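Student:
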Amino acid sequence: MRRTYFCVLKQSIMVDVILGLQWGDEGKGKIVDYFAPKYDIIARFQGGPNAGHTLYVNGTKMVLHQIPSGIFHHDKINIIGNGVVLDPVTLKKECDAVATMGIDVKKNLFISERTNIIIPSHRALDKASELSKGEAKIGSTLKGIGPAYMDKTGRNALRVGDLLDKKFISKYIALRMKHQKILDSYNFNEDISEMESEFFECIEFLKTLNIINCEYFINEQIAQGKKVLAEGAQGSMLDIDFGTFPFVTSSNTISAGVCTGLGISPKQIGEVFGISKAYCTRVGSGPFPTELHDAKGEELRKIGSEFGATTGRPRRCGWIDLVALKYTCMINGVTQIIMTKADILDSFETLDLGVAYEMEGKQIDYVPFQLVGTPVSPVWKTMQGWNIDSTKMKNEAELPATMKSYIEFINTYLGVPVKYVSNGPGRDQIIHL
Ligand code: GDP
Ligand code: IMO
Ligand code: MG
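See below:
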């Protein structure tokens, strides 16, 4: 086939990115769904079924783990890129769920042949590893993410393109046996044969989907003038390199991951939309300097319905952490911020913002190498709350002066403007500033 990807050199910037700036669950699903009409292609570039992206389609709540959040827009191409780890069982369930909403994934979902596959023993390894850590566990979603990425970098993984290879089964058995030795060393005895039969059924389904060479496909689309929206999963503070290691996920969640996760050049990246809640949450273990252990933290969890979209675990809650946000704006090259869940702060008299950290008797305004194991307390700036129902507001002029001051303070601190405020989970609850 004659390839046309070289035309890309003549094109203007065609790829925008939406990603989380905190510890995940910032509202990426809703925002990607909101922006999707402006793009031709929506592509996931990293992560796997550890993600839980919530959106509302005609009032029905949908949570996506593997499929990009543009799937409910019939005329859009959705891509699962090579940087993703794919669980065929989760994928099949999700395809069935979106089919009930009239979506035919055989038409608008495309999967890279280089995408790595999560096999049942990856999930078992994740569980065995977490159990062995006891109190020091990462708090993983137990979806097999860490072990699957370990097999990728260890050069053992099975990839979607391998499904079409006659040797797939023998490769599977070799990997499975390798995993068994590790499971034995953990004394992990759970039977995974039932999971395996479901897995193989779902593999047959996966084979019927559009499996593509993503890097040629996406570059050809870009050459034809198509616009791409790259959808991040997790959050920048969970990035394998820049997050609160080892309490992180196993992929590069930051904007740089878009290039390696889809096969596009850095020159193609345009806007980087960074999403931050108006406060902050974290699920799983690890440092969270602005976490609240008091009634206000409980209130944030209750009003914000802060329970994991993937695991149902209660999310830890706290005030916005501007030190961490400034750091994640820097490493991502964020061009505009989208502030979500502003409505959750509607009833608070005063709001605190973390503006520095106090560590070992010193005040610092940067994210240090070691946040783990070193006591850190936030330095607060206290501001007036807005104390008004914001959920029905439609434009900037309606926003209370107190909310505008809150946003202005954040803009000045970060040096990056908040351009959108989301004031409810619905598609229409967003205000452009
Ligand atoms: P994601 O992983 O970043 O896509 O976020 P999640 O879906 O895990 O969690 C975000 C939650 O907040 C979901 O339940 C959304 O429906 C909800 N949500 C998103 N934006 C807003 C908002 O502006 N206000 C309110 N009240 N809820 C929101
Ligand atoms: P979305 O895309 C919030 C967290 C887990 C754990 C750590 C490692 O919905 O924002 P893993 O399963 O990746 O090995 O877990 O990362 N984590 C998330 N937290 N949102 C997510 O995704 C997450 N995906 C993983 O809780 O602390
Ligand atoms: Mg989520």
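Residue numbering for the sequence shown follows our numbering, starting at 70 and increasing by one per position. Backbone N, C-alpha and C define an ideal beta-carbon position, used for all residues, glycine too. Only a predicted model underlies this, so the values are computations on that prediction, with no experimental measurement involved.
1) Is the Cβ-Cβ distance between T210 and T380 less than 8 Å?
2) Give a yes or no on whether the minimum CB-CB distance between Y103 and chain B is below 8 Å.
3) By DSSP, does M170 sit in helix, in strand, or in coil?
4) Can G301 be considered in contact with ligand 3, in the sense that its beta carbon sits closer than 7 Å to one or more heavy atoms?
5) Tell me whether Y108 sits in a helix, a strand or coil according to DSSP, three-state version.
6) For ligand 3, which residues have a Cβ under 5 Å from at least one heavy atom, in chain order?
7) Return the chain-ordered list of same chain residues with a C-beta closer than 6 Å to the C-beta of D102, the five sequence neighbours on each side being excluded.
8) Measure the CB-CB distance between S320 and Q115 and report whether it falls below 8 Å.
9) Please give me, in chain order, every unbroken run of the alpha helix (DSSP H) with length at least 4 that falls completely inside the stretch 362-405.
10) Ordered along the chain, which non-local residues of its own chain (more than five positions away) have a Cβ less than 6 Å from that of D421?
11) Look up S491 in the DSSP assignment and give the residues it is bridged to.
12) Compute the beta-carbon to beta-carbon distance between E182 and I281, rounded to the nearest angstrom, for a pair I have assumed lies under 8 Å.
13) Check H143 in the structure and name its three-state DSSP category.
14) Check whether the stretch 423-440 touches the stretch 464-472, counting contact only when three or more Cβ pairs, one atom from each stretch, lie closer than 8 Å.
15) What does DSSP give as the partner residues of T409 in its beta bridges?
16) Can you have a look at K235 and say buried or exposed, based on whether 16 or more other CB atoms are within 10 angstroms of its CB?
17) Any idea if G128 is buried or exposed, counting beta-carbon neighbours within 10 angstroms, 16 or more meaning buried?
18) Straight-line CA distance for S201 to G442?
19) For V229 and L155, which I take to be in contact (beta-carbon distance under 8 Å), what is that distance rounded to the nearest angstrom?
20) What whole-angstrom Cβ distance do N401 and G454 have, given they're in contact under 8 Å?
21) Report yes or no: do three or more beta-carbon pairs, one from the stretch 194-208 and one from the stretch 253-265, lie closer than 8 Å?
22) Using 8 Å as the threshold, is the C-beta distance between A120 and H134 below it?
23) Over the uninterrupted alpha helix (DSSP H) stretch that includes E263, give me the two end residues.
24) Output needed for E199: all residues of its chain with C-beta closer than 6 Å, excluding positions within five of it in sequence on either side, in chain order.
25) Have a look at I251 and F314 and give me their C-alpha separation to the nearest angstrom.
26) In three-state terms, what does DSSP make of W99?
27) Which one or two residues does DSSP pair with S446 in a beta bridge?
28) In whole angstroms, what is the alpha-carbon distance linking A364 and H122?
29) Where does R224 fall in DSSP's three states?
30) If we ignore side chains and look at the alpha-carbon of each, how far apart do Q498 and S345 end up?
31) If G301 sits next to L502, beta carbons under 8 Å apart, how far is it from one beta carbon to the other, in whole angstroms?
32) State the Cα-Cα distance for the pair C271 and T277, rounded to the nearest angstrom.
33) Using the DSSP secondary-structure output, state which residues sit across from T129 in a beta bridge.
34) In this structure, how does DSSP classify R192 when only helix, strand and coil are distinguished?
35) Residues in its own chain within less than 6 Å of V174 by CB, not counting five upstream and five downstream?
36) Excluding the 5 residues flanking V86 on each side, which residues of the same chain have their C-beta closer than 6 Å to its C-beta?
Tutor: Put simply:
1) yes
2) Of the protein chains in this structure there is only one, and it is not chain B.
3) coil
4) Result no, Cβ not under 7 Å from ligand 3.
5) coil
6) D94, G121, A378
7) Closer than 6 Å at Cβ, skipping near neighbours: L124, S138.
8) Q115 sits close to S320, with the two beta carbons spaced by under 8 Å.
9) 364-372, 391-401
10) W388, W449, T451
11) Answer is I499.
12) Contact between E182 and I281 is confirmed by a C-beta separation of about 7 Å, below the 8 Å threshold.
13) coil
14) no
15) K346
16) exposed
17) exposed
18) 20 Å
19) 7 Å
20) Actually they are not in contact, since the Cβ atoms of N401 and G454 sit about 29 Å apart, beyond 8 Å.
21) Verdict: yes, contact present.
22) yes
23) 262-276
24) K206, S209
25) 23 Å
26) Looking at the sequence shown, residue 99 is not Trp but Lys. Reduced to three states, the DSSP call for K99 is helix.
27) For S446, which the question treats as bridged, DSSP gives the partners E427.
28) 27 Å
29) coil
30) 16 Å
31) So it is not a contact: roughly 22 Å between Cβ atoms.
32) 10 Å
33) V126
34) helix
35) C164
36) A299, S324, V327, V341
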